[in-house]
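Q: Be aware that the sequence shown starts at 383, since it is given in the working numbering, and climbs by one per residue.
Ideal placement from N, C-alpha and C gives every residue a C-beta, glycine not left out.
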Amino acid sequence: MTRSLQGNAESAVLVGTPAVPGVVAAPTIRPVPRVRIPAESESIPKSDRASQSAALRLASATVAERLRDRAEAASGAAAEVLSANAAMAADPGWLATAENHLAEGRSAIAAAVAATEQFATTFTGLGGLMAERVTDLRDVCDRIVAELAGRPEPGIPTPARPSILLADDLAPADTAGLDPNLIVGLAMSLGGPTGHTAIIARQLGIPCAVAVAGLDEIPSGTDILLDGGAGRVLVRPTPETVTEAVGGYRELAERAAGWTGPGATADGHRVEVLANVQDGTGAHAAHAASAEGVGLFRTELCFLDRESEPTIAEQAAVYGAVLDAFPADKVVIRTLDAGSDKPLRFAPHDDEPNPALGVRGIRITEQDSGILDRQLDAIVAAAQGRGYTPWVMAPMISTVAEAKSFATRVRARGLIPGVMIEVPAAALLAEAILEHVDFVSIGTNDLAQYTMAADRMSPRLAALTDPWQPAVLRLVAATAAAGQRLGKPVGVCGEAAADPLLACALAGFGITSVSAAASAVRAVGARLASVTMADCRRAATAVLDTTDPRSARRAASEILG
Ligand code: PEP
Ligand code: MG
383 MTRSLQGNAE SAVLVGTPAV PGVVAAPTIR PVPRVRIPAE SESIPKSDRA SQSAALRLAS
443 ATVAERLRDR AEAASGAAAE VLSANAAMAA DPGWLATAEN HLAEGRSAIA AAVAATEQFA
503 TTFTGLGGLM AERVTDLRDV CDRIVAELAG RPEPGIPTPA RPSILLADDL APADTAGLDP
563 NLIVGLAMSL GGPTGHTAII ARQLGIPCAV AVAGLDEIPS GTDILLDGGA GRVLVRPTPE
623 TVTEAVGGYR ELAERAAGWT GPGATADGHR VEVLANVQDG TGAHAAHAAS AEGVGLFRTE
683 LCFLDRESEP TIAEQAAVYG AVLDAFPADK VVIRTLDAGS DKPLRFAPHD DEPNPALGVR
743 GIRITEQDSG ILDRQLDAIV AAAQGRGYTP WVMAPMISTV AEAKSFATRV RARGLIPGVM
803 IEVPAAALLA EAILEHVDFV SIGTNDLAQY TMAADRMSPR LAALTDPWQP AVLRLVAATA
863 AAGQRLGKPV GVCGEAAADP LLACALAGFG ITSVSAAASA VRAVGARLAS VTMADCRRAA
923 TAVLDTTDPR SARRAASEIL G
């Protein structure tokens, strides 16, 4: 549970969007600003080019090695981001481009910047996930430039005592390298609850609020109280407020640490608490975190780097690794959600002006149904010999016909068919869709994006894509009601399910399972175990009566504590 920070007249309260729950009090620090080194206008004499080239290669290798070392010390998503950035720092294509600039008479620093900008233009043109990598690219370049200039590496300083980091936004490499013992909280002016930084902070267990207005006004070294679960920052709190808020949260965290499932309310109503995973390692971590199974296996994330479609055997090995983590439990495998921000090179995708509204998820089947058929065959192969029937669901369903056609393909292979409800049209027709499938799972990240007409990747629109938006919650409630009428399971697997308070309201709507990042599983399970179903239902009714996210949160916490 998060305690409200509001109502403390002696202190300013800054409001943002919750990203990672946790209540911490500490002085603030800020990242060391990146020093922009002006590129020389003079051409470098030919005699210096060899030494400039050697310096560039040495700097690139040094930065790559440093990032690789950090990757080795990290795990999961953080390790992946750091390894990808290490590879970028020593990328032969990038070095060859920089060499071309050196040959034109540029210095090593100017060549590094020019090569990076050339790559950034290409990545931006490609759009989607590649465009997102421009932040990483420029971050890596800044590190190489600092190395060439003999300056300290830009980014987060190592504080002498535990501190809360305030920033506009963070490069993923900076977030991934954070030491949770020293950076005990994160508050950002930009960023979204489903962005890179929030996902890594969640994995590291660092309380985090994003899109917080007014952070610029807080000088470094100011004592603040951060409530990541409420998305609030209290400036210069009194010692009494700190003791009460931090102590109260610690009590709840201790209760959560002792939660081992299965998911149920205090009066015994079952609500499955599942995990979102992207590979076997993550699935084992989720099992260790007391998840009862997998509610969302994002299969497309396994193949983002593949040039060609993985074979059925290759896919089966990847899927089997996740099934092995939960040999006797529910595992929901989502078929490839390619397109938009997750383009797969082997899946057909055209240049589209609005990729989030374009050919993604199940829509790819229209152009090439072979990819789906082969993936379903791979799931069957993975399940063979494991004595288990996986649940399989399709992303981005917007019509009943799509759901029906998907279910036919899945049933023909003896698997259990379901679909995601991520498009308002699907939520409105949930009952008709449920006639054809055995279950649905609500993706609140996309459902919020499409309901609110607000890009989920835009840090400036984070308040609109807040899962507590009452319009989104009404669609969730309508879908849950459709499931109850037909007696079929309706889960939630978007980030909404990772918010312990919201999970209780979802249970009140009639949601039968919640699926969240492994790090959120215990907090959600413990919160559900602390409330009765009657209170969950009262909270559900109360939030549906509100007209904005803040009132919805307040209405739920007034009832659920
Ligand atoms: C969602 O949209 O809420 C969801 C779970 O899918 P993804 O975040 O992978 O798009
Ligand atoms: Mg989605």
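Following a CB-centred definition, is residue 661 positioned closer than 7 Å to any heavy atom of the ligand PEP?
A: No, the Cβ of residue 661 stays beyond 7 Å of every heavy atom of the ligand PEP.
Q: Could you tell me whether the region 691-708 touches the region 652-672, using the rule of 3 or more Cβ pairs below 8 Å?
A: A contact exists between the region 691-708 and the region 652-672.
Q: Under the criterion of a Cβ to heavy atom distance below 7 Å, does residue 725 qualify as lining the ligand MG?
A: Checking the Cβ of residue 725 against the ligand MG gives no.
Q: What residues match up with residue 776 in a beta bridge as DSSP calls it?
A: Bridge partners of residue 776: 801.
Q: For the ligand MG, is there any heavy atom lying closer than 7 Å to the beta carbon of residue 654?
A: It does not: the Cβ of residue 654 is nowhere closer than 7 Å to a heavy atom of the ligand MG.
Q: Are the Cβ atoms of residue 689 and residue 727 separated by less than 8 Å?
A: In contact: residue 689 and residue 727 (Cβ atoms closer than 8 Å).
Q: Within 10 Å of its beta-carbon, does residue 440 have 16 or more other beta-carbons around it, so buried, or fewer, so exposed?
A: When all chains shown are included, residue 440 counts as exposed.
Q: Out of 582, 778, 608, 822, state which residue places its alpha-carbon closest to the alpha-carbon of residue 899.
A: It is 582.
Q: Would the region 867-874 count as touching the region 596-610 if we require 3 or more Cβ pairs under 8 Å?
A: The region 867-874, when compared against the region 596-610, does not touch it at the 8 Å Cβ threshold.
Q: Is residue 825 near the ligand MG, with its Cβ less than 7 Å from a heavy atom?
A: Answer for residue 825: yes, Cβ within range of the ligand MG.
Q: Given that a residue counts as buried once 16 or more other Cβ atoms are within 10 Å of its Cβ, and exposed if not, what is residue 658?
A: Buried, by the Cβ-count rule.
Q: Please go through the same chain and pick out, in chain order, the residues whose beta-carbon is closer than 7 Å to the beta-carbon of residue 443, but skip the five residues on each side of it.
A: Closer than 7 Å at the Cβ level, and outside the excluded window around residue 443, lie 472.
Q: Between the region 461-475 and the region 487-495, do three or more beta carbon pairs fall short of 8 Å?
A: These segments do not touch.
Q: Any heavy atom of the ligand FMN closer than 7 Å to the Cβ of residue 684?
A: Inclusion of the ligand FMN in the displayed structure is not the case, the ligand content consisting of the ligand PEP and the ligand MG alone.
Q: Counting pairs of Cβ atoms below 8 Å between the region 715-722 and the region 689-699, do you hit three or more?
A: Not touching, per the Cβ criterion.
Q: Which of the three DSSP states is assigned to residue 734 in this structure?
A: It is coil, neither helix nor strand.
Q: Beta-carbon within less than 6 Å of residue 545's beta-carbon, same chain only, minus the 5 sequence neighbours each way: which residues are those?
A: The residues are 408, 409, 411.
Q: Whole alpha helix (DSSP H) runs in the region 705-749 with 4 or more residues, listed along the chain?
A: Here the runs fully enclosed are 746-749.
Q: Between residue 922 and residue 928, which are expected to be in contact by the criterion C-beta below 8 Å, what is the C-beta distance as a whole number of angstroms?
A: At roughly 11 Å, the Cβ-Cβ gap does not stay under 8 Å, so residue 922 and residue 928 are not in contact.
Q: Do the CB positions of residue 655 and residue 638 come within less than 8 Å of each other?
A: No, the Cβ-Cβ distance between residue 655 and residue 638 is not below 8 Å.
Q: Relative to the ligand PEP, is the shortest distance from any of its heavy atoms to the C-beta of residue 742 smaller than 7 Å?
A: Because no heavy atom of the ligand PEP lies under 7 Å away, the Cβ of residue 742 does not count as near it: no.
Q: May I ask which residues mark the beginning and end of the alpha helix (DSSP H) holding residue 659?
A: Premise fails: residue 659 lies in the beta strand (DSSP E), 654-659, not in any alpha helix (DSSP H).
Q: Given a threshold of 16 other Cβ atoms within 10 Å of its Cβ, counted over all protein chains shown, does residue 851 qualify as buried or as exposed?
A: By the 10 Å Cβ count, residue 851 comes out buried.
Q: For residue 387, I'd like the list of residues in its chain whose CB is within less than 6 Å of its CB, leaving aside the five on either flank, ordered along the chain.
A: Its pLDDT being 37, under 50, residue 387 is placed unreliably in this model, and the coordinates cannot settle the point.
Q: Are there 16 or more other CB atoms within 10 angstroms of the CB of residue 383, so buried, or fewer, so exposed?
A: With a pLDDT of 32 at residue 383, under the threshold of 50, the modelled position of that residue is not reliable, and no figure is offered here.
Q: What does a CB cutoff of less than 8 Å around residue 391 pick up in its chain, not counting 5 residues either side in sequence?
A: Low per-residue confidence applies at residue 391: pLDDT is 41, beneath 50, and the placement is therefore not dependable enough to give any value.
Q: Is residue 719 a contact residue of the ligand MG, with contact defined as CB to any heavy atom under 7 Å?
A: Under cutoff, so the answer is yes.
Q: For the ligand MG, I want to know if residue 828 counts as a neighbour, meaning its beta carbon is within less than 7 Å of at least one of the ligand's heavy atoms.
A: Yes, since a heavy atom of the ligand MG falls inside the 7 Å radius drawn around the Cβ of residue 828.
Q: Consult DSSP for residue 475 and reduce its assignment to one of helix, strand or coil.
A: The answer is helix: DSSP assigns residue 475 an H, G or I state.
Q: To the nearest angstrom, report how far apart residue 824 and residue 925 are at their CA atoms.
A: Going by the C-alpha atoms only, they are around 18 Å apart.
Q: In terms of DSSP beta bridges, what is residue 908 paired with?
A: BP columns for residue 908 are empty, so no partner.
Q: Between residue 606 and chain D, is the shortest Cβ-Cβ distance under 8 Å, so that the two count as touching?
A: You won't find chain D in this structure, because it holds only one protein chain.
Q: For residue 398 and residue 559, I'd like the C-alpha separation in whole angstroms.
A: Straight-line Cα distance between these residues: approximately 24 Å.
Q: Which residues mark the beginning and the end of the beta strand (DSSP E) in which residue 568 is found?
A: Taken as a continuous stretch (DSSP letters only), the beta strand (DSSP E) holding residue 568 covers 565-570.
Q: Looking at the secondary structure, which residues open and close the beta strand (DSSP E) in which residue 411 lies?
A: 405-411 is the extent of the beta strand (DSSP E) around residue 411.
Q: Ignore the nearest five residues each way along the sequence and tell me which others in residue 405's own chain have a CB closer than 6 Å to its CB.
A: If we look at residue 405 and ignore the five residues flanking it on each side, its Cβ neighbours are 609, 627, 628, 631.
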